[in-house]
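In what follows, a structure is listed as C-alpha cells, so that the remarks can point back to it.
Number of protein chains: 2
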Amino acid sequence: MDLPSTRGLQALAALKKAPSLSKAAETLGVTRSALSHRIAELERQLGVTLVRQVGRCGKLTEDAESLLMVMGDALDRIEAAVTPLRRRRGQLRISTVATFASHWLIPRLPDWQHLNPDVELAISTTTRTIDLTNEDFDCAIRHGLGDWKGLTATRLFNETLLPVAHPHISELSSNSTVIRARSRFRDWNRWWRLSGKVGDPPGRSVVVETRAQAMDAALAGAGIAAMDLAYAAPHLASGRLRALDATVPLPEGYYLVTKGGHKSRADTIRRLEIWLLSQAQTNNPQG
Amino acid sequence: MDLPSTRGLQALAALKKAPSLSKAAETLGVTRSALSHRIAELERQLGVTLVRQVGRCGKLTEDAESLLMVMGDALDRIEAAVTPLRRRRGQLRISTVATFASHWLIPRLPDWQHLNPDVELAISTTTRTIDLTNEDFDCAIRHGLGDWKGLTATRLFNETLLPVAHPHISELSSNSTVIRARSRFRDWNRWWRLSGKVGDPPGRSVVVETRAQAMDAALAGAGIAAMDLAYAAPHLASGRLRALDATVPLPEGYYLVTKGGHKSRADTIRRLEIWLLSQAQTNNPQG
DNA sequence: ACAACGTGTGAATATATCTCACGCAATATC
DNA sequence: GATATTGCGTGAGATATATTCACACGTTGT
Numbered sequence: 017m018d019l020p021s022t023r024g025l026q027a028l029a030a031l032k033k034a035p036s037l038s039k040a041a042e043t044l045g046v047t048r049s050a051l052s053h054r055i056a057e058l059e060r061q062l063g064v065t066l067v068r069q070v071g072r073c074g075k076l077t078e079d080a081e082s083l084l085m086v087m088g089d090a091l092d093r094i095e096a097a098v099t100p101l102r103r104r105r106g107q108l109r110i111s112t113v114a115t116f117a118s119h120w121l122i123p124r125l126p127d128w129q130h131l132n133p134d135v136e137l138a139i140s141t142t143t144r145t146i147d148l149t150n151e152d153f154d155c156a157i158r159h160g161l162g163d164w165k166g167l168t169a170t171r172l173f174n175e176t177l178l179p180v181a182h183p184h185i186s187e188l189s190s191n192s193t194v195i196r197a198r199s200r201f202r203d204w205n206r207w208w209r210l211s212g213k214v215g216d217p218p219g220r221s222v223v224v225e226t227r228a229q230a231m232d233a234a235l236a237g238a239g240i241a242a243m244d245l246a247y248a249a250p251h252l253a254s255g256r257l258r259a260l261d262a263t264v265p266l267p268e269g270y271y272l273v274t275k276g277g278h279k280s281r282a283d284t285i286r287r288l289e290i291w292l293l294s295q296a297q298t299n300n301p302q303g
Numbered sequence: 017m018d019l020p021s022t023r024g025l026q027a028l029a030a031l032k033k034a035p036s037l038s039k040a041a042e043t044l045g046v047t048r049s050a051l052s053h054r055i056a057e058l059e060r061q062l063g064v065t066l067v068r069q070v071g072r073c074g075k076l077t078e079d080a081e082s083l084l085m086v087m088g089d090a091l092d093r094i095e096a097a098v099t100p101l102r103r104r105r106g107q108l109r110i111s112t113v114a115t116f117a118s119h120w121l122i123p124r125l126p127d128w129q130h131l132n133p134d135v136e137l138a139i140s141t142t143t144r145t146i147d148l149t150n151e152d153f154d155c156a157i158r159h160g161l162g163d164w165k166g167l168t169a170t171r172l173f174n175e176t177l178l179p180v181a182h183p184h185i186s187e188l189s190s191n192s193t194v195i196r197a198r199s200r201f202r203d204w205n206r207w208w209r210l211s212g213k214v215g216d217p218p219g220r221s222v223v224v225e226t227r228a229q230a231m232d233a234a235l236a237g238a239g240i241a242a243m244d245l246a247y248a249a250p251h252l253a254s255g256r257l258r259a260l261d262a263t264v265p266l267p268e269g270y271y272l273v274t275k276g277g278h279k280s281r282a283d284t285i286r287r288l289e290i291w292l293l294s295q296a297q298t299n300n301p302q303g
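So the sequences go chain by chain: A and B. For the first sequence, my numbering assigns the number 17 to the initial residue and increments by one for each residue that follows. For the second sequence, my numbering assigns the number 17 to the initial residue and increments by one for each residue that follows.
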C-alpha cells in the first residue's frame with residue numbers, strides 16, 4: 017500500500033488548526049501556493065476532495081475530517097520520534113589517536129570552526145584501534161599503511177621522522193641523550209637505519225610513556241627526540257625546537273578513514289576531508 | 017519542523033519486520049535498491065546511522081530501534097485513515113438529469129466500460145439542479161446555456177428539436193395529435209415558432225409527465241413528440257421513429273460541468289470529457 | 001576457488017515539491 | 001456602486017526526492 021507523503025498530511029493538519037490556508041502556510045514556513053499544491057497532490061493521490069472553498073476561506077470536507085480523526089496524532093508521534101535524533105545533526109564524531117589529536121588536530125580546530133561554524137567536531141581519542149563499523153563514529157583518523165579492508169581511507173600525509181631538540185642542543189652524536197616513547201620505541205632505530213647511520217643509536221636515553229611526553233621532554237631540553245615532522249613543524253618554525261639531522265620518510269602515514277554502508281552525513285565528511293587535506297599541505301596550524 | 021517522508025519511515029519499519037533488506041523490499045513491492053536509497057536518504061536527513069551491515073544482512077542501530085519505538089503505530093494509523101478514502105478512487109460520481117441519463121448516457125455505458133475498465137461511472141439523477149460545490153459529485157451534466165458561474169462548463173452538444181412519431185404516422189398537420197411532457201411543456205410552442213410555422217401548434221395533445229414518457233408514447237404511436245435529436249437519433253436510425261419535419265436548434269445545450277477548487281481527479285474527468293465529446297459526435301450509441 | 005546471496009552506488013529518469021507571477025472570486029471600505 | 005484587500009487556484013520553471021537498472025564489493029557456503 018502506497019502511503020501519502022507526510023508533507024500533504026501535515027498540510028491538511030495545519031489547515032485544520034489554522035483558519036485559512038495562508039495562516040497555515042505561515043505556521044509551516046512555506047508559501048500558500050506550496051500548501052495549495054500539497055493539498056491538490058494529496059487529493060489526487062486519494063481521489064477525494066479534501067478542501068472546499070466556502071466564502072473566501074478553505075474548509076475541510078467530511079472526508080478530510082475523518083482522515084485527520086483516524087490518523088490522530090500520528091504526525092506528532094513521528095516528530096517526537098525524529099527530533100531527538102536530529103539533535104545530533106551538527107556534530108561529526110571523530111575517533112583518533114591521542115598524539116594526532118593533541119599535536120595536530122586540536123591546534124587547528126579554531127580554523128575549522130571559523131570555516132564551518134555549523135559543524136562541531138567531537139574528537140574522541142582511544143589507545144585501541146576502534147571498530148568503525150560497529151561503533152557510533154562518523155569517521156576516524158588512523159596511523160598505518162592505509163590498507164584497512166572494508167573501509168575507505170584517504171591519506172592525509174606520510175609520516176616523516178627527524179631528530180629534534182631544544183635549540184641549545186646543537187648536534188646529534190653518539191654521546192647524545194635520546195628520548196624514546198614507550199609506545200613508539202622502535203622509532204629511533206628506524207630513523208637511524210633509514211638515515212644511513214652505521215652502528216646503533218646513542219645508548220643514553222630517556223624513556224617516557226607517550227609521544228606527546230617525548231615532545232614535552234624535547235621542548236624542555238632533556239634530549240633529542242625522533243619526532244614526526246608534522247608534529248614538530250610549529251615548534252621548529254617558532255624556534256622552540258631545532259632540527260638536528262635529516263628527515264626520513266616512513267611507509268606509514270595518517271589516514272582519514274570512513275566506513276562503508278549508508279554514510280549518514282557524507283557531505284559533511286567530504287568537507288572535513290577537503291579541510292584536512294588543505295591543512296596537511298600548509299603543515300602549520302593558524303595562530 | 018521538517019518531517020521525514022513516509023517512504024523512508026515505511027522502509028525502516030519494513031526492515032525491522034523482515035530479516036533482510038531484500039525481503040522487506042519485496043513486501044513493499046519495490047526494488048532492494050529503492051529501499052537502500054530510502055534508508056540512505058532518511059539517514060542523511062536525520063544525520064544518524066540507522067542501518068549497519070553485520071555479516072551479510074543489514075541490522076538496525078539503536079537509534080533506529082528507538083525511532084520506531086517512539087513512532088509506534090503512526091504509519092498504521094495513517095494507512096487506516098487513508099484506506100477507506102482510497103476505496104472510492106475508481107469511481108466517478110456524476111449528477112445528471114433523468115432524460116440524459118436514460119436516453120443518452122446509459123445506452124453508451126458499455127462503450128465507456130470497455131474503454132475504461134478501471135473507472136466506474138456512478139450516475140445519479142435528480143430533478144433539482146444540484147449544488148456541485150457543496151455536494152460530493154465529481155462532475156455533472158446539465159441542460160442550459162452554459163453560464164454557471166464559478167463552474168467550468170464544456171458543451172457536449174446543442175439541443176435540437178424535431179417532431180418524431182411512429183412510422184405509421186406520416187405527416188404533421190393541424191389535425192395531428194402532439195405529445196407534450198409536463199416538464200418541458202413549452203417545447204412544442206418553441207419548435208412551432210422557430211421552424212417558421214404560423215399560428216398555433218395542433219390543439220389535440222396527449223400530456224405525459226416526463227420527456228422519457230413522451231418518447232415511449234411516440235414509440236407506441238400515440239402521437240407526435242417534439243424530441244431532442246440526440247435522444248431520438250437511435251430510434252430514427254432503427255426505423256422505430258420517423259422524423260416528420262425540420263430540425264431546429266435551441267440556444268440551450270448539454271454541458272459537462274466541473275467545479276473549481278482542487279479537482280480531486282482531474283485526469284479521470286478529462287478522460288470522461290474526451291469520451292463524452294467523441295460520443296456526442298457519433299450521435300449514436302454502440303449496439 | 002567458485003557460486004549464491006545480500007548490499008551499496010552512480011547514472012538516468014520519473015515524481016514531487018517549491019516559489020513566483022498571475023488571474024479570479026468574495027468581502028471591506030469609501 | 002467603484003475600488004482596494006484578502007484568500008485562493010493554476011501554470012511554468014527550478015529544485016529536491018524516488019525509482020530502477022546495471023554493476024561492483026563483501027560474506028557465506030560447497
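For each residue, glycine too, the CB sits at the ideal point set by N, CA and C.
Taking the CB atoms as reference points, tell me whether residue i and residue j lie closer together than 8 Å.
{"i": "Ser221 (chain B)", "j": "Thr193 (chain B)", "result": "yes"}
{"i": "Lys32 (chain B)", "j": "Leu66 (chain B)", "result": "no"}
{"i": "Leu161 (chain B)", "j": "Glu268 (chain B)", "result": "yes"}
{"i": "Leu292 (chain A)", "j": "Leu266 (chain A)", "result": "no"}
{"i": "Val180 (chain A)", "j": "Leu288 (chain A)", "result": "no"}
{"i": "His159 (chain B)", "j": "Val224 (chain B)", "result": "no"}
{"i": "Arg93 (chain A)", "j": "Val64 (chain B)", "result": "no"}
{"i": "Leu91 (chain A)", "j": "Thr43 (chain A)", "result": "no"}
{"i": "Glu59 (chain B)", "j": "His130 (chain A)", "result": "no"}
{"i": "Leu188 (chain B)", "j": "Ile240 (chain B)", "result": "yes"}
{"i": "Ala262 (chain A)", "j": "Leu148 (chain A)", "result": "no"}
{"i": "Asp152 (chain B)", "j": "Arg281 (chain B)", "result": "no"}
Given that residue i touches chain B, what residues does it touch there, using C-beta distances under 9 Å?
{"i": "Ile55 (chain A)", "result": "His278"}
Please tell me whether residue i has its Cβ less than 8 Å away from any Cβ of chain A.
{"i": "Asp1 (chain B)", "result": "A question about residue 1 (chain B) goes unanswered here, because the residues of chain B that appear run from 17 up to 303."}
{"i": "Gln295 (chain B)", "result": "no"}
{"i": "Arg48 (chain B)", "result": "no"}
{"i": "Leu178 (chain B)", "result": "no"}
{"i": "Arg105 (chain B)", "result": "yes"}
{"i": "Leu31 (chain B)", "result": "no"}
Among the options, which one has its Cα closest to the Cα of residue i?
{"i": "Pro20 (chain B)", "options": "A:Thr77, A:His278, A:Thr99", "result": "A:Thr99"}
{"i": "Arg196 (chain A)", "options": "A:Ala228, A:His182, A:Val214", "result": "A:Ala228"}
{"i": "Ala27 (chain B)", "options": "B:Ile110, B:Gly74, B:Phe201", "result": "B:Gly74"}
{"i": "Ala253 (chain A)", "options": "A:Thr298, A:Ser82, A:Leu121", "result": "A:Thr298"}
{"i": "Ile285 (chain A)", "options": "A:Arg105, A:Ala29, A:Ser199", "result": "A:Arg105"}
{"i": "Arg171 (chain B)", "options": "B:Ser118, B:Glu187, B:Ser294, B:Ala90", "result": "B:Ser294"}
{"i": "Asn132 (chain A)", "options": "A:Leu108, A:Asp152, A:Pro217", "result": "A:Leu108"}
{"i": "Ala169 (chain A)", "options": "A:Ser186, A:Ala138, A:Gly71, A:Lys275", "result": "A:Lys275"}
{"i": "Tyr247 (chain B)", "options": "B:Ala80, B:Ala262, B:Met231, B:Val264", "result": "B:Met231"}
Answer with yes or no whether the minimum CB distance from residue i to chain B is below 8 Å.
{"i": "Gly303 (chain A)", "result": "Here the model assigns Gly303 (chain A) a pLDDT of 45, short of 50, so the residue's position is not dependable, and the following value carries that caveat. So no, Gly303 (chain A) is outside the interface."}
{"i": "Glu289 (chain A)", "result": "no"}
Going along chain B, which residues have a C-beta under 7 Å from residue i?
{"i": "Arg102 (chain A)", "result": "Leu62, Gly63"}
{"i": "Ser21 (chain A)", "result": "Ser21, Thr22"}
{"i": "Glu42 (chain A)", "result": "Those within 7 Å of Glu42 (chain A) in chain B number zero; the least Cβ separation is about 15 Å."}
Spatial neighbours of residue i within its chain, please: C-beta separation below 6 Å, excluding the five flanking residues on both sides.
{"i": "His251 (chain A)", "result": "Leu257"}
{"i": "Pro183 (chain B)", "result": "Arg258"}
Near residue i, what residues of its chain come up, given a Cβ to Cβ distance below 7 Å and the 5 sequence neighbours on each side ignored?
{"i": "Gly303 (chain A)", "result": "In this prediction, Gly303 (chain A) has a pLDDT of 45, which is less than 50 and means its spatial position is unreliable; nothing more can be read from the coordinates."}
{"i": "Ile290 (chain A)", "result": "none"}
{"i": "Glu57 (chain A)", "result": "Gly24"}
Using the beta-carbon of each residue, which ones in chain B are nearer than 8 Å to residue i?
{"i": "Ile94 (chain A)", "result": "Leu19, Pro20, Leu25, Met87, Ala90"}
{"i": "Leu76 (chain A)", "result": "By Cβ distance, chain B contributes nothing, its closest Cβ being about 12 Å from Leu76 (chain A), past 8 Å."}
{"i": "Leu83 (chain A)", "result": "Ala97, Val98, Leu101"}
{"i": "Arg158 (chain A)", "result": "Simply none; closest approach about 19 Å."}
Using a Cβ-Cβ cutoff of less than 8 Å, which residues in the same chain neighbour residue i once the five nearest sequence positions on both sides are dropped?
{"i": "Phe116 (chain A)", "result": "Ile157, His159, Tyr270"}
{"i": "Ile185 (chain A)", "result": "Ser192, Gly237, Gly239, Ile240, Arg258, Leu260"}
{"i": "Arg48 (chain A)", "result": "Leu37, Ser38, Ala41"}
{"i": "Thr226 (chain B)", "result": "Ala114, Thr115, Ala197, Arg198, Ser199"}
Would you say the beta carbon of residue i is closer than 7 Å to some non-hydrogen atom of the ligand FAD?
{"i": "Val180 (chain A)", "result": "Within the structure as shown, the ligand FAD is missing, as the structure has no ligands at all."}
For residue i, return the contacting residues in chain A, with the cut-off set at a CB-CB distance below 7 Å.
{"i": "Glu59 (chain B)", "result": "His278, Ser280"}
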